[in-house]
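In this note's numbering, the protein residues as written are 766 to 1170.
Now the structure itself:
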């Protein structure tokens, strides 16, 4: 995530780390490099100008803490301004409403809106213990209705049926009535996406918003589109009272322009990040943690949360006991460890959150390939349980059978 920006900023800030004091002259070149790094990351120009101005004002003549060098103080200022431009703290969903709390999801086609509905419903069910109902008001794409139904089944939440011959307002109102009768805590309403913003689209979603009066109106946007993501969100925000943004496909965004531009351009907080294709790949957005990762300092708190969420403590205790009793570590144990690692975003996903990983040479990073671990898991899955527990049995014909899958 944001690899290019992290590499560029880490190298730039390294140059100032040895400075004896901070003056306008000796930070001029560093600020120019920071500006170029942000522009190359596709951060919106007004955001870059404001950011560089605030860093300069904060750095020149600052009283350096006794525990820090001037260079470290400068990095601290950059980190604080990164947090400020992204929102300073996590803003949780406001679900303090008479049930059902209605959440309206808006966005352009292909941004990952329907997938985000599925991910958010799973997060609210598992983390917040909410009873969630989802409904699709996308009457223009029957496939989107079917997609949401499948996602709902996959994540274990209830789906309210709808069809292409209904009106979006009628669908949403019927879903609200059903949610009230069945005592659902939250209703997620998926809306129609478009290839571009147009008056017809805005008019329809405005009518829908007025009719159902949601407690949260979230705009789903593709992080890969850079500062265009912020501009699109602003256009929606001018027409709708948005309460927040979900940035999708962040795991594939090496630049980070969208994350750094959205809050400044729209005035709306980023509430969640989509960090993968799996249904649990949705993270609450913490500006302080993202700023730390951008500066190559890692994100240990998120790594700990991933461990708590994905590591089965009961199995871990059994494995520890097995080691203690010297019963060995077999291929079934290894398979379970691989699975848990994949659930945490794979080896690269874990490394991304460790401090100092951005300073590893590219040739070292290139050798870390999650495909290799998936291949190992596939090979072990081709074995019988007896073979996993007793690998010494694997000879001749067994090897051929396993290799054939």
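Every residue, glycine too, gets a C-beta built ideally from N, C-alpha and C. Only a predicted model underlies this, so the values are computations on that prediction, with no experimental measurement involved.
Collapsed DSSP secondary structure at residue i in the structure displayed
i: residue 1135; result: helix
i: residue 881; result: helix
i: residue 846; result: helix
i: residue 924; result: strand
i: residue 1037; result: strand
i: residue 1048; result: strand
i: residue 852; result: coil
i: residue 952; result: strand
i: residue 858; result: coil
i: residue 1013; result: strand
i: residue 1148; result: coil
i: residue 1027; result: helix
i: residue 796; result: helix
i: residue 1055; result: helix
i: residue 866; result: strand
i: residue 1092; result: coil
i: residue 959; result: coil
i: residue 890; result: helix
i: residue 841; result: helix
i: residue 906; result: coil
i: residue 1007; result: coil
Test item: CB-CB of residue i and residue j under 7 Å
i: residue 814; j: residue 846; result: no
i: residue 987; j: residue 876; result: yes
i: residue 951; j: residue 881; result: no
i: residue 1017; j: residue 806; result: no
i: residue 922; j: residue 886; result: yes
i: residue 821; j: residue 796; result: yes
i: residue 1034; j: residue 872; result: no
i: residue 912; j: residue 879; result: yes
i: residue 855; j: residue 1051; result: yes
i: residue 1041; j: residue 1013; result: no
i: residue 1161; j: residue 1147; result: no
i: residue 998; j: residue 962; result: no
i: residue 927; j: residue 934; result: no
i: residue 1009; j: residue 983; result: yes
i: residue 868; j: residue 979; result: yes
i: residue 920; j: residue 771; result: no
i: residue 1103; j: residue 1079; result: no
i: residue 918; j: residue 910; result: no
Exposure label - residue i; buried when at least 16 CB within 10 Å
i: residue 825; result: exposed
i: residue 981; result: buried
i: residue 925; result: buried
i: residue 948; result: exposed
i: residue 955; result: buried
i: residue 1006; result: exposed
i: residue 1057; result: buried
i: residue 903; result: buried
i: residue 1156; result: exposed
i: residue 1054; result: buried
i: residue 1140; result: exposed
i: residue 1037; result: buried
i: residue 863; result: exposed
i: residue 908; result: exposed
i: residue 1149; result: exposed
i: residue 789; result: exposed
i: residue 968; result: exposed
i: residue 774; result: buried
Beta-carbon contacts of residue i that lie in its chain and below 7 Å, excluding the five residues immediately before and after
i: residue 888; result: 1047
i: residue 1098; result: 1084
i: residue 850; result: 812, 816, 1025, 1028 and 1029
i: residue 971; result: 1004 and 1005
i: residue 798; result: 777
i: residue 808; result: 992, 1022, 1025 and 1026
i: residue 990; result: 1023
i: residue 914; result: 924
Range of the contiguous beta strand (DSSP E) that encloses residue i
i: residue 982; result: 981 to 987
i: residue 817; result: Taken as a continuous stretch (DSSP letters only), residue 817 belongs to no beta strand (DSSP E), being part of the alpha helix (DSSP H) at 810 to 824.
i: residue 898; result: 897 to 901
First and last residue of the uninterrupted alpha helix (DSSP H) at residue i
i: residue 1167; result: 1161 to 1168
i: residue 876; result: From DSSP, residue 876 is part of no alpha helix (DSSP H); its letter is neither H nor E.
i: residue 972; result: 964 to 977
i: residue 947; result: Unbroken run through residue 947: none, as it is neither H nor E.
i: residue 999; result: 992 to 1004
Contacting residues, own chain, Cβ-Cβ under 6 Å from residue i (five flanking each side not counted)
i: residue 916; result: 883
i: residue 1096; result: 1145, 1153 and 1156
i: residue 1159; result: 1152
i: residue 929; result: 904 and 907
i: residue 1031; result: 998, 999 and 1002
Same chain only: Cβ atoms within 8 Å of residue i, ignoring 5 sequence neighbours per side
i: residue 865; result: 898, 941, 944, 945, 949, 950, 951 and 952
i: residue 966; result: 957 and 959
i: residue 731; result: In the structure as shown, the chain starts at 766 and stops at 1170, and residue 731 therefore has no counterpart that could be examined.
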